[in-house]
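Everything in the sequence shown is counted per this note's numbering, starting at 5 for the first residue and increasing by one.
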Amino acid sequence: LTVIARRPAKVIVSFLGYVNSTGISEIDYRFTDLVAHPYGDIDETTAPERLVRLPNSFHTYVTAIAAPQPNASDFKPGRSIIFGCFHNWLKINPVVRALWADILKEVPGSRLVLKDKYLQSSRLVDSIREEFVRSGISADRVEFRPRNKSLFEHYQEYNSVDIALDAFPYNGATTTCDAFWMGVPVVALLGDRYNGRITASILTRIGLTDLIATDREDYVRIAAGLAANTARLQYLRQNLRSMFEKSPLGNPELVVRDIEKFYTAAVRGSQVPFIS
Numbered sequence: 005l006t007v008i009a010r011r012p013a014k015v016i017v018s019f020l021g022y023v024n025s026t027g028i029s030e031i032d033y034r035f036t037d038l039v040a041h042p043y044g045d046i047d048e049t050t051a052p053e054r055l056v057r058l059p060n061s062f063h064t065y066v067t068a069i070a071a072p073q074p075n076a077s078d079f080k081p082g083r084s085i086i087f088g089c090f091h092n093w094l095k096i097n098p099v100v101r102a103l104w105a106d107i108l109k110e111v112p113g114s115r116l117v118l119k120d121k122y123l124q125s126s127r128l129v130d131s132i133r134e135e136f137v138r139s140g141i142s143a144d145r146v147e148f149r150p151r152n153k154s155l156f157e158h159y160q161e162y163n164s165v166d167i168a169l170d171a172f173p174y175n176g177a178t179t180t181c182d183a184f185w186m187g188v189p190v191v192a193l194l195g196d197r198y199n200g201r202i203t204a205s206i207l208t209r210i211g212l213t214d215l216i217a218t219d220r221e222d223y224v225r226i227a228a229g230l231a232a233n234t235a236r237l238q239y240l241r242q243n244l245r246s247m248f249e250k251s252p253l254g255n256p257e258l259v260v261r262d263i264e265k266f267y268t269a270a271v272r273g274s275q276v277p278f279i280s
């Protein structure tokens, strides 16, 4: 940041890897989109960077390895639904856990799978399990898994999950895309700032805006409704990867063209695009 403060380039842009404004006036622009930063967002008036709302997406996703194929799960009526979340455990606050308990109550027989490196601690696991029990969820309905040794194993874990539940107020990003790539739909709660609107942005690009909840009650309703729609779960398991590939998220070249168009105009000092 001290190098940037000396303005080493004519145009400086903040993009990806940090979820807030840098607060540095020498940074001219910040890449985003209209979902992550809707018109009137607080960053328009409080952040020094000007928001560049890329038209297709500001995320793209390419797997680092040849991931396994989504399994052909048979979503028969009455089959137990498995919810899951593989986020960094630090994102899973008590309010999120309480809401997940409400979802498990709404979907009889359902289970919740949680996976992260922190869940190797038996003390932490026991504490979380007791919390769910106090919420009326029996201990056998929540499963804890440690972090996988390989990325391939991480992808494989999604084949044991039917619906992924996003965290809030800090959403997933790569983890959300991992789920979609493996045919697992993600239910998200729309937040009031960038880091709480990332999954909503991703869902919008794929065309699954109906999985974006506007409040906590809506979050439970959407998750329970999707769990009951076995035909749709089957369809998404079979088609979500191709839906992702056809979206801007699966087309880095499309997003790069938008960025290049912006760079060219910004460096030449002409009217820059995507600024509102």
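Heads up, the beta-carbon is just placed ideally off N, CA and C, and yes, glycines get one too. Keep in mind it's a predicted model, so treat the numbers as computed, not measured.
Note the first and the last residue of the continuous alpha helix (DSSP H) segment covering residue i.
| i | result |
| --- | --- |
| residue 50 | 47-50 |
| residue 33 | No alpha helix (DSSP H) contains residue 33, which is instead part of the beta strand (DSSP E) from 33-36. |
| residue 263 | 256-272 |
| residue 100 | 98-110 |
| residue 224 | 220-232 |
What first and last residue would you give for the beta strand (DSSP E) that runs through residue i?
| i | result |
| --- | --- |
| residue 119 | 115-119 |
| residue 149 | 146-149 |
| residue 56 | 54-57 |
Can you tell which of the options has the C-alpha that lies nearest to the C-alpha of residue i?
| i | options | result |
| --- | --- | --- |
| residue 244 | 26, 188, 67 | 188 |
| residue 20 | 202, 230, 80, 215 | 202 |
| residue 235 | 160, 82, 104 | 82 |
| residue 232 | 111, 181, 5, 105 | 111 |
| residue 237 | 275, 100, 272, 80 | 80 |
| residue 256 | 8, 67, 272 | 67 |
| residue 158 | 8, 28, 185, 47 | 185 |
| residue 24 | 8, 52, 97, 7 | 52 |
| residue 139 | 98, 9, 211 | 98 |
| residue 313 | 6, 153, 248 | As shown, the chain starts at 5 and ends at 280. That puts residue 313 outside it, with no answer to give. |
| residue 193 | 211, 163, 172 | 172 |
| residue 178 | 254, 153, 104 | 254 |
| residue 228 | 135, 104, 5 | 104 |
Label residue i either buried or exposed according to how many other C-beta atoms from any shown protein chain fall within 10 Å of its C-beta, with 16 as the threshold for buried.
| i | result |
| --- | --- |
| residue 251 | buried |
| residue 223 | buried |
| residue 156 | exposed |
| residue 144 | exposed |
| residue 108 | buried |
| residue 174 | buried |
| residue 31 | buried |
| residue 279 | exposed |
| residue 176 | buried |
| residue 96 | buried |
| residue 183 | buried |
Could you tell me whether any Cβ in chain C is nearer than 8 Å to the Cβ of residue i?
| i | result |
| --- | --- |
| residue 9 | The chain inventory of the structure shown lacks chain C, comprising one protein chain alone. |
Is it the case that the stretch 206-218 contacts the stretch 77-87, given that we only count it when at least three CB pairs across the two stretches are under 8 Å? Between the stretch 77-87 and the stretch 206-218 there are fewer than three C-beta pairs closer than 8 Å, too few to call the two in contact.
Could you check whether the stretch 112-120 touches the stretch 148-161, counting it as contact only if at least three pairs of C-beta atoms, one from each stretch, sit closer than 8 Å? Yes, since at least three Cβ pairs between the stretch 112-120 and the stretch 148-161 fall closer than 8 Å, the two stretches touch.
Check whether the stretch 250-268 touches the stretch 62-69, counting contact only when three or more Cβ pairs, one atom from each stretch, lie closer than 8 Å. Yes, the stretch 250-268 touches the stretch 62-69.
Counting beta carbon pairs with one atom in the stretch 127-135 and one in the stretch 160-178, are three or more of them shorter than 8 Å? Counting C-beta pairs closer than 8 Å gives fewer than three between the stretch 160-178 and the stretch 127-135, which falls short of the contact rule.
Which whole runs of the alpha helix (DSSP H) in the stretch 135-206 are 4 residues long or more, in chain order? If only complete runs of 4 or more residues are kept, the stretch 135-206 shows the alpha helix (DSSP H) at 155-161, 178-185, in order along the chain.
Quick check: the stretch 11-29 against the stretch 266-274, are there 3 or more CB pairs under 8 Å? Result yes; three or more Cβ-Cβ pairs closer than 8 Å.
Sufficient close CB pairs (3 or more, under 8 Å) joining the stretch 34-49 to the stretch 194-205: With the cut-off at 8 Å, the stretch 34-49 and the stretch 194-205 touch.
Please determine if the stretch 229-242 and the stretch 72-82 are in contact, where contact requires at least 3 C-beta pairs separated by less than 8 Å. By the criterion of at least three beta-carbon pairs nearer than 8 Å, the stretch 229-242 is in contact with the stretch 72-82.
Kindly provide the ranges of any beta strand (DSSP E) runs that are 3 or more residues long and lie completely inside the stretch 65-98, ordered along the chain. Those beta strand (DSSP E) runs which fall completely within the stretch 65-98 and span 3+ residues are 86-89.
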